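Right, one structure below, let's go through it.
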RNA sequence: GAGCCCGUAGCUCAGCGGUAGAGCAUUCGCCUUUUAAGCGAGGGGCCCUGGGUUCGAAUCCCAGCGGGCUCACCA
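In the numbering used here, the protein residues as written are 16 to 533.
Dropping the structure here:
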C-alpha cells in the first residue's frame, strides 16, 4: 500500500476494484476475495470466454494493488452440463452426435488425447490461460457435484423449492413451465441429463421423484445424482464457492438478475458484477462459432502478439467492438505507442496505462523496435518470407543499432508479419504489365545489372536505376519510378530501389525483373 | 416488450469536465540519390437535438431523435 489516490485513476479495472473493495470491506473478517469466471465446455473456448478471464484478472490485479485482501480467481467449468448441439469445430461430429444429452464430462474424447470431451475443452482453455501466465484455480463442476461439495446448497435449494420455482416460472412460456425443473436428474441407466417434471419427496433427506415413462422414480438431489438448471446453478455457486466478483456478457444481464433473486433463498451471496458488451464482426454482427465470423483466439495469436490481444480486450469492455483481422495491426501499433509513452510517465499515469493492466503490473523492459504496420509494409515491399532478408531490411530502415532484447521481440513479430502478409496482403496485390517503352527500360536495367559483379552496393543499384531512367524517360523521371513500383509491387510508391535491390540480392532482383517482361 | 451500447473529420474510431484528436482517405510539395509502402505541409468538425448542473460540458445529469445489439428457447 502507498498513498496514491486511486479514485483519480480512470482505468476501468481500478474503478471496478474500488467498487468491490467498498463492498467486501463491509464483511466481517473478510480476508480472501474470490473472483469467478464461468465456462461451458460444450466446445472449444470462445474468444469471449477468454476475454472474461483476462478482464476479471485485471480487476483482481487492481484490488491487490489497492487493498490488503488476498485474492483467488476461480475458472469454473460447467462440465456436468449436457451436450445439446454438436459444435462445428470438433473433428468427429458423427461420433459426438450419439452423445446428445449426456454430461460433457462423461463423453469420450474421440481425439483420444484427453479423458473426456469436457476434459479436452477444459484443457484448451487452460492452455490459453497458462500462455498468458494467469494464476487461477480450475474447478470442474462434475468433481464438485459428485464429491458432494455442493450438497449443502442443494439441500437448501430443495428446502426453498417453492420460493425458487416461483421466481423462475413467471419468466417462462406456458409450455416450458410444465416441464421445468430446477433439478435435472441424471438417469442411472443411461447417464443422460433429464429435463423432466419432478416432485419433492423428502426435503430433509434430499429426495425427489422424477417422471419417466409415466411413472415416478425417486432419486437424491445430492452426490451428483442431480444437476441444477443453469440459472440456479449459477446462484448456487456464488454461495458454495463464496464468490465476490463476477463479470458477464450483456446477454446474461437478465439471467444475473434472476440468479440474484434466487440467491436470496440459498445463502444470499451475490457477487459484485459488471457486464460487458459482446464482440461483433466486421459487419457489426455478433460473432459466434457456428457462423465462423469474427476471430478466434488462435487466429489472433497467429498474426498478432498475445499483448496486442490483451490490449484489445482491455479497451472499452462496455462498448460493442468489431473484432476482425484489421484490428490486429492496429492493436500491435497501439501497444508499441503505449509502451513508448510509458517511459516518462508519473505513477498515477502509469496506472492508467493499459500496459500496466495487461502485464499485471510487471511491464517488460523491451518491445519491438518498429511499428507492425510499418513492418508489414516492408515485408510487402520485399515480397519475401525469408526472416533474415526482412530483418536486414528493417535494420537498414531503422538505421540505428537494435539492442539484443528488442531484436528478440523483432524476431517474433517478423514471423507474425510474414503470416499476415501471406494471408491478407499478398492475395490482394495486383501488379501491372509494363508497356513497350517500360519493357525496353527494364531490359536495359537488366542488362546493366548483369554487367556488374556479384557484390553490388545499394548505391550502385540506385545509380543504375537513375541512369536507365534518364536515358529512357529524360523528361519525366518521376514517372519512371512510379511505373517501376506499379510493375514490381502493384502500387504507386515503394521502397528506395537501391537499398531494396541490395537487400534482395542480385539473383532475386534479376528474377524479379525478368518476370515482369515475360 | 424490456435491457445494454453507440451517435465526434469523407470512413473507422480515440478522447469522457479545462484550446477538437489519431489512422485511413483527400489536396499540395519532395526521387540526378543523406530511411519514398517514406517524409513535410494543408484542407476538412453546430462533437445528434433540446434542456439542466458548472466559472467552464464533446465529456456529468434529464428528456428526445436516430442506429446497432441482446434477452424473453438453450447456456
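Glycine residues also receive a C-beta, built at the ideal position from the N, C-alpha and C atoms. Small disclaimer: the values here were computed from a predicted structure and weren't measured.
query                                                                                                                                  : result
From what residue to what residue does the alpha helix (DSSP H) around residue 462 run?                                                : 451–466
Considering Cα atoms alone, identify which of 525, 92, 177 and 40 is closest to residue 64.                                            : 92
When DSSP builds the beta bridges, which residues end up paired with residue 612?                                                      : Any answer about residue 612 is impossible in this case: the structure gives the chain only from 16 up to 533.
For residue 277, tell me which candidate among 173, 193 and 301 has the shortest Cα-Cα distance.                                       : 173
With DSSP collapsed to three states, give me the class of residue 421.                                                                 : helix
When DSSP labels each residue in this structure, what does residue 49 get in the three-state scheme?                                   : strand
Could you please give the first and the last residue of the uninterrupted beta strand (DSSP E) stretch that includes residue 241?      : 241–243
Relative to the C-alpha of residue 70, which residue among 329, 153 and 84 is closest?                                                 : 329
For residue 193, which of 225, 343, 413 and 482 has the nearest alpha-carbon?                                                          : 225
What is the DSSP secondary structure of residue 293, counted as helix, strand or coil?                                                 : coil
Under the rule that 16 or more other beta-carbon atoms within 10 Å means buried, what is residue 496, buried or exposed?               : buried
Taking the alpha-carbon positions, what's the residue 50 to residue 370 distance?                                                      : 22 Å
To the nearest angstrom, how far is it from the Cα of residue 16 to the Cα of residue 83?                                              : Confidence in residue 16 is poor, its pLDDT being 48 and thus under 50, which makes the residue's placement unreliable; the coordinate value appears in the next sentence. If you take the alpha carbons of residue 16 and residue 83, they lie about 8 Å apart.
Shorter than 8 Å, the distance from the beta carbon of residue 475 to the closest heavy atom of the ligand HEM, or not?                : This structure lacks the ligand HEM, and indeed carries no ligand of any kind.
Rounded C-beta distance between residue 137 and residue 96? I'm assuming under 8 Å.                                                    : Wrong, their Cβ atoms sit about 12 Å apart, outside the cutoff.
Inspect the beta-carbon positions of residue 11 and residue 208 and report whether they are closer than 9 Å.                           : Only positions 16 to 533 of the chain appear in the structure, and residue 11 is not among them; the question remains open.
According to DSSP, which residues form a beta bridge with residue 200?                                                                 : 241
Anyone know if the C-beta pair for residue 338 and residue 373 falls short of 9 Å?                                                     : no
Under 8 Å by Cβ, that's how I've got residue 521 and residue 464 pegged, so tell me the actual separation to the nearest angstrom.     : 7 Å
So, does the region 269–289 touch the region 171–186, judging by three or more C-beta pairs under 8 Å?                                 : yes
Please name the residue, chosen from 334, 456 and 99, that lies closest to residue 481 on a Cα-to-Cα basis.                            : 456
Candidates 468, 382, 133 and 301: which alpha carbon is nearest residue 320's?                                                         : 382
On the DSSP bridge list, what partners appear for residue 86?                                                                          : 48
Apply the 10 Å Cβ neighbour rule to residue 501 and answer buried if 16 or more other Cβ atoms are within range, or exposed otherwise. : buried
Can the beta-carbon of residue 302 be found closer than 9 Å to that of residue 247?                                                    : no
Quick check on the DSSP output: the alpha helix (DSSP H) that includes residue 79 runs from which residue to which?                    : 62–81
What does DSSP give as the partner residues of residue 97 in its beta bridges?                                                         : 118
According to the Cβ coordinates, are residue 120 and residue 134 closer than 9 Å?                                                      : yes
Is DSSP giving residue 438 helix, strand or coil here?                                                                                 : helix
Looking at the strands, I want to know which residues DSSP matches up with residue 4.                                                  : This structure gives no information on residue 4, because the portion of the chain shown stretches from 16 to 533.
So for residue 476, helix, strand or coil by DSSP?                                                                                     : helix
Between residue 88 and residue 146, how many whole angstroms is the CB-CB distance? I'm expecting something under 8 Å.                 : With 8 Å as the limit, residue 88 and residue 146 do not qualify as a contact, their Cβ atoms being about 16 Å apart.
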